[in-house]
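Right, one structure below, let's go through it.
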């Protein structure tokens, strides 16, 4: 089982979603594609886990959703960032950077 | 705004659950399709592309589960789903559900009934404003073995003056009688004499007119009275004009000044008239007012003063009185306790014992239901395993199982409440007359909290083990064992056996308690009351002192009444006595026997007054000397009879007849001496449980009293005689009413009432507990026998005797029962000590009870394990082998 990887991702997945949605509103599949592209395939998100994460963000009030029609004339649920989601993105990014710097400095000294 | 949209997401999830689910499915479908399209455009075959897309997506079901979790309304949805599912599960197995619900209803019903009484009597505050600041002050005298006794008026006044921690100190006489005449038939009412501040201290205002004023403690010249709402309605049609009207109580013109609310029932619920003490200042200076003790005293603490601080101040005053009045107060102490505790003192322990018993019963019921559920959990292992395999969360399974048991306990609780409600009515009706009144039993937050508490606790208690069991088993275990297997479920069965052991132990505890109380009740019945209670009517009569103002008039009335009663048809004997035995009233004094050293005296000899025929009519034996005769009248030498208890204590090896006795501690030239003319058998004066007190009798003609009890022995039912006795009284004086009416048989019954009440209820609970635990043993052993049917079949096929095979099963039952009986006996030995004060003539570790009860229990449990064993052994081996 790939459980450990999932655990790491669980915290960061929401951050990645927020970042992705900061560019433009997008549906679930689009978000998963975008994350894969950006990370050049390193972050191979378990695609299914995206949807519970989206639901969590929506309950927090950081994102909003509506049904729209795609270019291919299909119904898809589009998510977009709310104002508080944008603020949260800033805060979460800062936290993440501090975390990375800390880990980095430990790895560097060892 | 964002919080709002978050809330919207939650609400949508909760109330438009199906929409949310549909949308999620559409989303997932869209996602997989897009992903598949991507693979297709990379040249993959459509089927492969779809499979690959699904793989990339992961388990759709677990995504759905996780999505539901993320909605933040999961627990509500789950609870609803679990409830629906649980109800379906219960309906699938109606026999189990019904058995469990009935068992629980019994346990919870018994708890509801007993707790509602405990709540009403012990827990609910008294119906007085600020009742937590009310304390009862009583007198104690170690020399006379007085504990919580009534107080002497002069001492009461000293406390009221001396203790600054009290806001007010009120006194009352615990209850008497007064005759209302001149308003139609003369009718006797219960009355109390109270200090002027009585109502003020208790915080009770009048609903019409006024209550008493402080100065009315003392003689004012105008007799006044406050009446009850009941009397106001029944006699005066709730007429407001009654205030200020003058009526005749005991033939004294008395002004009614107020009416108090119907809820006020102090010092006892039957009181209809309150009158002020109207003491005389100079009278009160006499030593007699410190010597005689007849007042109840209630004080209200100043706000912020603790009872301990008030008690310290009270003790200072008590010590001053001991120094200042050594003759009366040398060893007189006083103590103070919350009024509520004082009022509920006698019933507290019986009720707590009963509460303990019903808790035991509920535990047995829970063990039984727990057993049922365990058996059911075993049967549903495959279902659980399947659900686990399909991705249901373990926690969810546990919760599901707990929901089912909570549902059971809720339904059982509802049925139990109905039972309990009916039971409470029964309890109120069963309440022995001697026991303090049970106030109206209503629903309040304590009641609700208790019922809710026991319902939840029992649901968790019997449900947790099967629930954890269901969650802990891995699917592989269950499926591997094929659901019928040989070795599975070892732990769960160990738990089941534990339940049986504890059930038997609990039932034993309960039954031993019931056994001890039953034996006490029986022992009380064996007590010789000292007289023959059969077919004796006692009629208490208080003559109005205003007209019967001389010893001669009192003597004349009762002599005439006795003669008339004796002449009534169906009457074999008539007599008069101050108070009949088992009534606990009367007065006591010190005594000194003539010719003994001056400092040698006895304390606490009871006094009664009797007409010459009293002892013959009551069939009290004469042991020495003679009874009273008509010659023992006013002016003749003063004589007394003593009872056997006094004769044994003071005249061992001597002849008491002819000796002199005085009722003072220090004798001098002014002392009145009485000659002992005979010894009579000892009657139980207070209760059957209390040994007879030391007692002397004076002849009625030498010490007349305005209150006497007419004793009539009849040929048949004594109550049938009441109308003719009433007529006889009315013929002598139409303004005299009957104060008390009781047959001696009833007095004896009343004296055993508390033990009867506890014994009866404990017996009921013990029988219920015994049945439940026997059924529990049966259930577990039957399950065990069923599982071993195949093995037994093989053994029988191989030539084992049916009896041997049967023994295998019985043996297992026997082991469990033995453990249960052992544990229960040890627990009972430790716990029955708490019963000591309600037991009579039986030790809390009575060997007979401790042998008989475990034997009965073991026999019942053995029968319960023998039945299924016998059935299993009877089965044809061929059938059992084919059965699998």
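Chains as they are written, first to last, in the working numbering: chain U, -4 to 105; chain Y, 326 to 1209. All C-beta atoms in this analysis are idealised placements derived from N, C-alpha and C, irrespective of residue type, glycine included.
Quiz item: Counting along the chain, where does the alpha helix (DSSP H) carrying residue 1024 of chain Y start and finish?
Solution: No alpha helix (DSSP H) holds residue 1024 of chain Y; the beta strand (DSSP E) holding it covers 1020 to 1024.
Exercise. Show which residues of chain U have a CB atom less than 7 Å away from the CB atom of residue 359 of chain Y.
Key: The contacting residues are 24.
Self-check item: Residue-chain proximity (residue 47 of chain U, chain Y), Cβ-Cβ < 9 Å
Solution: Interface annotation, residue 47 of chain U: in contact with chain Y, CB-CB separation under 9 Å.
Self-check item: Cutoff 6 Å; reference residue 288 of chain Y; Cβ partners in own chain excluding five residues on either side
Solution: The requested residue 288 of chain Y is not part of the displayed model; chain Y covers only 326 to 1209.
Quiz item: Do residue 1182 of chain Y and residue 1135 of chain Y have their CB atoms nearer than 9 Å?
Solution: Going by C-beta atoms, residue 1182 of chain Y is not nearer than 9 Å to residue 1135 of chain Y.
Quiz item: Would residue 1054 of chain Y be called buried (16 or more neighbouring beta carbons within 10 Å of its own) or exposed?
Solution: Burial call: buried.
Practice problem: Note down, in chain order, every chain Y residue with its Cβ under 7 Å from the Cβ of residue 41 of chain U. | Solution: Chain order gives the chain Y residues near residue 41 of chain U as 383, where near means a beta carbon separation below 7 Å.
Practice problem: Have a look at residue 1137 of chain Y and residue 1200 of chain Y and give me their C-alpha separation to the nearest angstrom. | Solution: Approximately 19 Å between the Cα atoms of the pair.
Quiz item: Which of helix, strand or coil does DSSP assign to residue 481 of chain Y?
Solution: In the three-state reduction of the DSSP assignment, residue 481 of chain Y falls in the helix class.
Practice problem: Please decide whether residue 395 of chain Y counts as near chain U, where near means a Cβ-Cβ distance under 9 Å. | Solution: Judged by the 9 Å Cβ criterion, residue 395 of chain Y is in contact with chain U.
Quiz item: Can you name the residues of chain Y whose CB is closer than 8 Å to the CB of residue 44 of chain U?
Solution: Correct list: 383, 388 and 391.
Quiz item: Does residue 27 of chain U get closer than 9 Å to chain Y when you measure Cβ to Cβ?
Solution: Yes, its Cβ sits closer than 9 Å to a Cβ of chain Y.
Exercise. Determine contact between the stretch 1069 to 1088 of chain Y and the stretch 1155 to 1166 of chain Y, defined as no fewer than three beta-carbon pairs at a distance below 8 Å.
Key: Taking 8 Å as the limit for Cβ pairs, the verdict is that the stretch 1155 to 1166 of chain Y does touch the stretch 1069 to 1088 of chain Y.
Self-check item: C-beta contact flag for residue 861 of chain Y and residue 1033 of chain Y at 9 Å
Solution: In terms of Cβ geometry, residue 861 of chain Y and residue 1033 of chain Y do not form a close pair [threshold 9 Å].
Quiz item: Which same chain residues, not among the five before or five after residue 490 of chain Y, have their C-beta less than 7 Å away from its C-beta?
Solution: Excluding five sequence positions before and after residue 490 of chain Y, the CB atoms of its chain that fall closer than 7 Å to its own CB belong to 626, 627, 630, 634, 635 and 638, given in chain order.
Self-check item: Candidates Y:480, Y:591 and Y:562, of which the one nearest residue 529 of chain Y by Cα
Solution: When each option's Cα is compared against that of residue 529 of chain Y, the closest is Y:591.
Quiz item: Going straight from the alpha carbon of residue 666 of chain Y to that of residue 901 of chain Y, what length do you get?
Solution: Whole-angstrom Cα-Cα distance: 38 Å.
Quiz prompt | Same chain only: Cβ atoms within 7 Å of residue 439 of chain Y, ignoring 5 sequence neighbours per side | solution = Hits under 7 Å: 679, 680 and 683.
Quiz item: Straight-line CA distance for residue 778 of chain Y to residue 677 of chain Y?
Solution: Going from the Cα of residue 778 of chain Y to the Cα of residue 677 of chain Y covers about 18 Å.
Quiz prompt | 7 Å Cβ cut-off: residues of chain Y touching residue 14 of chain U | solution = Counting only Cβ-Cβ distances below 7 Å, residue 14 of chain U has no contacts in chain Y at all, with the closest Cβ about 18 Å away.
Self-check item: the stretch 714 to 735 of chain Y: positions lying closer than 9 Å to chain U by Cβ
Solution: Going along the stretch 714 to 735 of chain Y in chain order, one finds no residue with a Cβ nearer than 9 Å to chain U.
Quiz item: residue 811 of chain Y to residue 1108 of chain Y, Cα distance in whole Å?
Solution: For residue 811 of chain Y, the predicted structure reports a pLDDT of 42, less than 50, and the residue's modelled location is therefore unreliable. A value from the coordinates is still provided. Rounded to the nearest angstrom, the two C-alpha atoms are 13 Å apart.
Quiz item: Do we get a CB-CB distance below 9 Å when we pair residue 32 of chain U with the residues of chain Y?
Solution: Chain Y contact via Cβ: absent.
Quiz item: Quick check: the stretch 873 to 880 of chain Y against the stretch 1117 to 1126 of chain Y, are there 3 or more CB pairs under 8 Å?
Solution: In short, these stretches do not touch, since the Cβ pair count stays below three.
Practice problem: Closer than 9 Å by beta-carbon distance: list the chain Y residues that pair up with residue 69 of chain U, in chain order. | Solution: 355, 358 and 359, listed in chain order.
Practice problem: Answer yes or no: do residue 516 of chain Y and residue 501 of chain Y have a C-beta to C-beta separation smaller than 9 Å? | Solution: Taking 9 Å as the Cβ cut-off, residue 516 of chain Y and residue 501 of chain Y qualify as a contacting pair.
Quiz item: What are the start and end residues of the alpha helix (DSSP H) that includes residue 514 of chain Y?
Solution: Per DSSP, residue 514 of chain Y lies in no alpha helix (DSSP H) segment; the continuous beta strand (DSSP E) that holds it begins and ends at 512 to 519.
Quiz item: So which residues of chain Y does residue 51 of chain U contact, with C-beta pairs closer than 7 Å?
Solution: Listed along chain Y, the residues sitting closer than 7 Å to residue 51 of chain U by beta-carbon distance are 395.
Quiz item: Closest Cβ-Cβ distance between residue 91 of chain U and chain Y: below 9 Å?
Solution: With 9 Å as the cut-off, residue 91 of chain U does not count as an interface residue toward chain Y.
Exercise. Report the three-state DSSP secondary structure of residue 0 of chain U (helix, strand or coil).
Key: Note that residue 0 of chain U has pLDDT 41, beneath the 50 cutoff, so the model's placement of it is unreliable and no number is given.
Exercise. Report the residue from U:58, U:80 and U:11 whose alpha carbon sits nearest the alpha carbon of residue 34 of chain U.
Key: Of the candidates U:58, U:80 and U:11, the residue whose Cα lies closest to the Cα of residue 34 of chain U is U:11.
Quiz item: Can you list the alpha helix (DSSP H) stretches of 4 or more residues lying completely in the stretch 815 to 864 of chain Y, in chain order?
Solution: For the stretch 815 to 864 of chain Y, whole alpha helix (DSSP H) runs of length 4 or above, ordered along the chain, are 815 to 851.
Practice problem: List the residues that DSSP assigns as beta-bridge partners of residue 465 of chain Y. | Solution: According to DSSP, which records beta bridges pairwise, residue 465 of chain Y is partnered with Y:658.
Quiz item: residue 346 of chain Y versus chain U: which residues are under 8 Å apart at the beta carbon?
Solution: For a Cβ distance threshold of 8 Å, nothing in chain U lies close to residue 346 of chain Y: the least Cβ distance comes to about 12 Å.
Quiz item: Skipping 5 residues on each side, what residues in its chain have a beta carbon closer than 6 Å to that of residue 826 of chain Y?
Solution: 1141, 1144 and 1145, listed in sequence order.
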